[in-house]
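**Student:**
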Amino acid sequence: MNFKHKYKRIGSFVIDLAIVQMFAMIVRDIYLGVLAYASQGTGVSVSFNDAIALPVILLVIIGVMLITIGVCMAYHWLCFRLLGNSFSRYFLRLSVVSVTNKSMTESRYLKREFQKIYLSVATLGLYVLYSGAQFLAHSNPPWHDKKFETNVVEY
């Protein structure tokens, strides 16, 4: 596998994350606006000195993470249904991922994409950097490719 192909794969992953982040920011702002509006009329206020402040902030952060994962899964489901691949892979001419001795099904594709976004969100983006560096330096496929026994075939 040549370096151009490796950079295309990593670039498509980063482009997909940027597109998902754009849509997730819109949904996140709506979510936070609804939370602010709901707390405004009730007269409930939380200061950083309250015992309830830390659990409330934790619930808001978990909500934002779940929104990001949900938007990513919706994005990849829509792209797979319309294009048969992710948006960035389609335009960078990276072929659909083929499974060893099987064709890629929608559920298998979405499980693999869920692993990518889950690991990226859960590790604060370090998964993207680590797997990209391992792939460029040693040609080690990312963990989500190994787990689902997938490999990328060029057009």
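Heads up, the sequence shown is in UniProt numbering, so the first residue is 1 and it goes up one at a time.
Note that the Cβ used here is the ideal one computed from N, Cα and C, for glycine as well.
Leaving out the 5 sequence neighbours to the left and right, which residues in its chain are closer than 7 Å to isoleucine 15 when beta-carbon positions are compared?
**Tutor:** Working through the sequence shown from its first residue, we reach residue 15 at position 15. Cβ neighbours of isoleucine 15 beyond the five flanking positions: Ser88.
**Student:** Please list, in chain order, all residues of the same chain as phenylalanine 114 whose beta carbon is under 7 Å from its beta carbon, the five residues on each side excluded.
**Tutor:** Residue 114 sits at position 114 when you count from the first residue of the sequence shown. If we look at phenylalanine 114 and ignore the five residues flanking it on each side, its Cβ neighbours are Met73.
**Student:** Does the beta-carbon of leucine 129 have 16 or more other beta-carbons within 10 angstroms, so that it is buried, or is it exposed?
**Tutor:** To locate residue 129, count along the sequence shown from 1; it is residue 129. Leucine 129 should be labelled exposed.
**Student:** To the nearest angstrom, how far is the alpha carbon of valine 71 from that of valine 20?
**Tutor:** Numbered from 1 along the sequence shown, position 71 holds the residue referred to as residue 71. Numbered from 1 along the sequence shown, position 20 holds the residue referred to as residue 20. Valine 71 and valine 20: Cα-Cα distance of roughly 7 Å.
**Student:** Between which residues of its own chain and valine 64 is the CB-CB distance below 6 Å, once the five residues before and five after are set aside?
**Tutor:** Translated into positions along the sequence shown, residue 64 becomes position 64. Correct list, in chain order: Arg28.
**Student:** Judging by CA-CA distance, which residue of Gly132, His138, Phe80 is the nearest neighbour of threonine 105?
**Tutor:** Sequence index remark: in the sequence shown, residue 105 carries index 105 (1-based). Cα-wise, what sits closest to threonine 105 is Phe80.
**Student:** Which residue's Cα is closest to the Cα of phenylalanine 13: Ser120, Ala137, Lys147?
**Tutor:** What you label residue 13 is simply residue 13 of the sequence shown in a count that begins at 1. With distances taken between Cα atoms, phenylalanine 13 lies closest to Ser120.
**Student:** Using 9 Å as the threshold, is the C-beta distance between isoleucine 62 and isoleucine 117 below it?
**Tutor:** Mapped onto the sequence shown, residue 62 falls at position 62. Mapped onto the sequence shown, residue 117 falls at position 117. Taking 9 Å as the Cβ cut-off, isoleucine 62 and isoleucine 117 do not qualify as a contacting pair.
**Student:** Skipping 5 residues on each side, what residues in its chain have a beta carbon closer than 7 Å to that of serine 86?
**Tutor:** Translated into positions along the sequence shown, residue 86 becomes position 86. Ser12, Asp16, His76, Cys79, listed in sequence order.
**Student:** Return the chain-ordered list of same chain residues with a C-beta closer than 8 Å to the C-beta of phenylalanine 23, the five sequence neighbours on each side being excluded.
**Tutor:** Within the sequence shown, residue 23 is the residue found at index 23, counting from 1. Val71, Tyr75.
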